[in-house]
Amino acid sequence: MNQYPMTVQGADALRDELNYLKTVKRPRIVNDIADAREHGDLKENAEYHAAREEQGFCEGRIQEIEGKLSNAQIIDIAKIPNRGKVIFGVTVTLLNIDTEAEVKYQIVGDDEADIKNNRISISSPIARGLIGKEVDTEIEIKTPGGVVEYEIIAVEHI
């Protein structure tokens, strides 16, 4: 069975969502179905069909989260000594050699990626190009927009 890397924060977020779905959303949907059944004929009851559809989505998401958590390899980057090498979970500061612009990314699991918050997936082209490299190394990353040259300025275990 394949294990998927995940940060501690990512695992906590999934656990919180799972808890919400099981303790808040699922009971609300069950009540909605019960209320809709009281309205009579189920064949033409839009509220009933909508609640059943929502229940299907909710149960599917619960199974998906449980599966992800059972196959997760949770990595606490704060407990790993910083040797200046880019590994899963680190926050890396890069300097774009052409534009002199600095950018900071945290390398996270696929489900945790959020480019708006500078969290990139381990399977993204940038992360794949960075893994294993060290501070003060210049690298070329093949991105959808073309080849970009970066220098690794800092690697942090936050």
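All the letters of the sequence shown, read from the start, carry residue numbers 1200 to 1357 under the numbering used here. Think of the CB as a built atom: it goes at the ideal place given N, C-alpha and C, for glycine as much as any other residue.
Could you name the residues that DSSP lists as bridge partners for residue 1301? Taking the first residue of the sequence shown as 1, we reach residue 1301 at position 102. The partner list for residue 1301 (beta bridge, DSSP) reads 1294.
With 16 as the cutoff for other CB atoms within 10 Å, does residue 1276 come out buried or exposed? Reading the sequence shown from its first residue, position 77 is the one you call residue 1276. Per the 10 Å Cβ criterion, buried.
Note down the Cα distance separating residue 1293 from residue 1244, rounded to an integer number of angstroms. Numbered from 1 along the sequence shown, position 94 holds the residue referred to as residue 1293. Numbered from 1 along the sequence shown, position 45 holds the residue referred to as residue 1244. Rounded to the nearest angstrom, the two C-alpha atoms are 56 Å apart.
Taking only three categories from DSSP, how would you classify residue 1243? For the purposes of this step, residue 1243 is taken as the residue at position 44 of the sequence shown. Reduced to three states, the DSSP call for residue 1243 is coil.
Should residue 1289 go down as buried or exposed, given a rule of 16 or more other Cβ atoms within 10 Å for buried? Start at 1 with the first residue of the sequence shown, and residue 1289 comes out as number 90. Classification for residue 1289: buried.
Using beta-carbon positions only, say whether residue 1357 and residue 1349 come within less than 8 Å of one another. Sequence index remark: in the sequence shown, residue 1357 carries index 158 (1-based). Sequence index remark: in the sequence shown, residue 1349 carries index 150 (1-based). In this structure, residue 1349 does not lie closer than 8 Å to residue 1357 by Cβ.
Ordered list of alpha helix (DSSP H) runs contained in the segment 1312-1352, each at least 4 residues: 1324-1329
Spatial neighbours of residue 1312 within its chain, please: CB distance less than 8 Å, with the 5 preceding and 5 following residues excluded, ordered by chain position. Counting from 1 along the sequence shown, the entry for residue 1312 is found at position 113. 1318, 1319, 1320, 1323, listed in sequence order.
Which residue comes first and which comes last in the beta strand (DSSP E) that contains residue 1280? Reading the sequence shown from its first residue, position 81 is the one you call residue 1280. Element bounds for residue 1280: n/a, residue is neither H nor E.
Segment contact, 8 Å Cβ cut-off, at least three pairs: the segment 1232-1241 with the segment 1205-1219: no
Collapsed DSSP secondary structure at residue 1355 in the structure displayed: For the purposes of this step, residue 1355 is taken as residue 156 along the sequence shown, with counting starting at 1. Here residue 1355 sits in strand by DSSP.
Reference residue 1306; option with closest CA among 1297, 1295, 1285, 1300: Position 107 of the sequence shown, counted from the first residue, corresponds to residue 1306. When only C-alpha atoms are compared, the closest one is 1285.
Using the C-alpha atoms, what's the distance from residue 1287 back to residue 1266? Against the sequence shown, residue 1266 aligns to sequence position 67. Against the sequence shown, residue 1287 aligns to sequence position 88. Rounded to the nearest angstrom, the two C-alpha atoms are 21 Å apart.
Work out the CA separation of residue 1336 and residue 1263 for me, nearest whole Å. Along the sequence shown, read from residue 1 onward, the residue named residue 1263 stands at position 64. Along the sequence shown, read from residue 1 onward, the residue named residue 1336 stands at position 137. Those two C-alpha atoms are separated by around 39 Å.
CA-to-CA distance, residue 1325 to residue 1268, given in whole angstroms: The residue given as residue 1268 occupies position 69 in the sequence shown. The residue given as residue 1325 occupies position 126 in the sequence shown. Near 25 Å, if we compare the C-alpha coordinates of residue 1325 and residue 1268.
For residue 1273, name the three-state secondary structure that DSSP assigns. Start at 1 with the first residue of the sequence shown, and residue 1273 comes out as number 74. Note: residue 1273 maps to strand in three-state DSSP.
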